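Asker: I'd like to ask you about the structure that follows.
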Amino acid sequence: MTDQTKYSTTLHSKRILILGGTSGIGFCVAEACVEHGALVTIASSSRKRVDGAVKRIEEAYPSSSAANGKRRVWGTTVDLGKRETLEGELKGVLEKAVQMMGGEKLDHVVYTAGDRLAEMSVGELTIDSILSAGQIRFFAPLLLAKFLPQFLNSSSSSSYTITTGSVSEKPIPNWSVIGAYAGGLHAMVRGLALDLKPLRVNGVSPGLVDTELWDHLDGAGEERGKRAQVLEGMGKGLLTGRAGRPESVAQSFLGIMRDENMDATMVRTDGGGLLV
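Sequential numbering from 12 applies to the sequence shown in the working numbering.
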């Protein structure tokens, strides 16, 4: 007699597309989904990063590799940075994900894509800088929703998960543009949950997380090691005493996909940062 698998197999054989799945939180979500038996397509702007991420996952989970005959992870490119081609790119990445994973509709879409945060003072604001700051982090995930009913199974077991950040609730100087878009994602989640039902729409709001987003802090000479120092210093100010790990934050995304009763909700995972 074998044990039941009522909980551990919730994502088994589910088809999942992750935009921004080559690094940081998105990569860890992709890893976790493969570990739970899902079929996963990761999408990013760089073919080199896509191929590298797929290789890393296949090496970590040999049973999921094409060489083993039981492929469970694929990669494709998508360019979210050009306003004039954005719709075509978004529809195209959904089409490619469906095709690569066997032609059946998707079960979940996760959006973790982002670019370098557009920190600027109020005096530096222009309409172009404001629009550019929201291209990948706001307009793309909103426009992606337009195509989801066509490519996702129409069921409350299917979901779309968006990523925002703690600045949406706790402002930071010179982050007014970033915070405005991040806060708007809270409203986007609730609005899309109504517009896309029965598809579930939720979001995750991470705080300080130790990802590649901070790599630009490291330089040569005196700047070497600055990244680690900054993360350690900021992490000590959290209730948990440390920056979050992307592997930990990925668990929130898994919970959203697995919980068919969760809808129109923003999940906070910030080490208690909102209170300090």
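Positions of the beta carbon are idealized from the N, C-alpha and C atoms, including for glycine.
Model, not experiment: these values are computed from the prediction.
Give the range of the beta strand (DSSP E) segment to which Ala54 is assigned.
Answerer: Unbroken beta strand (DSSP E) run through Ala54: 50 to 55.
Asker: Flag Gln146 as yes when its Cβ comes closer than 7 Å to any non-hydrogen atom of the ligand ADP, and as no otherwise.
Answerer: With respect to the ligand ADP, the structure offers nothing, as it holds no ligand at all.
Asker: So Val120 and Val84 are supposed to be a Cβ contact under 8 Å. How far apart are they, rounded?
Answerer: With a Cβ gap of about 16 Å, Val120 and Val84 do not count as contacting.
Asker: Please give the ranges of any beta strand (DSSP E) in the region 181 to 226, keeping only runs that are unbroken, at least 3 residues long and fully inside the region.
Answerer: The region 181 to 226 contains these whole beta strand (DSSP E) runs: 211 to 217.
Asker: Mind pulling the alpha helix (DSSP H) runs of 4 or more residues that sit fully within the region 225 to 280?
Answerer: DSSP runs (the alpha helix (DSSP H)) wholly in the region 225 to 280: 237 to 247, 257 to 269.
Asker: Among the candidates Tyr18, Thr21, Ala41, whose CA atom is the shortest distance from the CA of Leu28?
Answerer: Selected option, being the one with the closest Cα: Ala41.
Asker: Put Val287 into one of helix, strand or coil per three-state DSSP.
Answerer: Val287 falls in the coil class under three-state DSSP.
Asker: Applying the criterion that 16 or more other CB atoms from any shown protein chain within 10 Å of the CB defines a buried residue, is Tyr322 buried or exposed?
Answerer: With the chain covering only 12 through 287, there is no way to say anything about residue 322.
Asker: In angstroms, rounded to a whole number, what distance separates the CA positions of Glu258 and Pro217?
Answerer: Cα to Cα, Glu258 sits roughly 12 Å from Pro217.
Asker: Starting from Ser24, trace the beta strand (DSSP E) both ways and give me its first and last residue.
Answerer: Careful: Ser24 lies outside any beta strand (DSSP E) and carries neither H nor E.
Asker: What does DSSP give as the partner residues of Ser170 in its beta bridges?
Answerer: Looking at the DSSP assignment, Ser170 forms a beta bridge with His119, Arg211.
Asker: Where Ala144 and Leu128 are concerned, what is the direct C-alpha to C-alpha distance, given to the nearest angstrom?
Answerer: Approximately 8 Å, taken between the alpha carbons.
Asker: For Val84, name the three-state secondary structure that DSSP assigns.
Answerer: Correct three-state label for Val84: strand.
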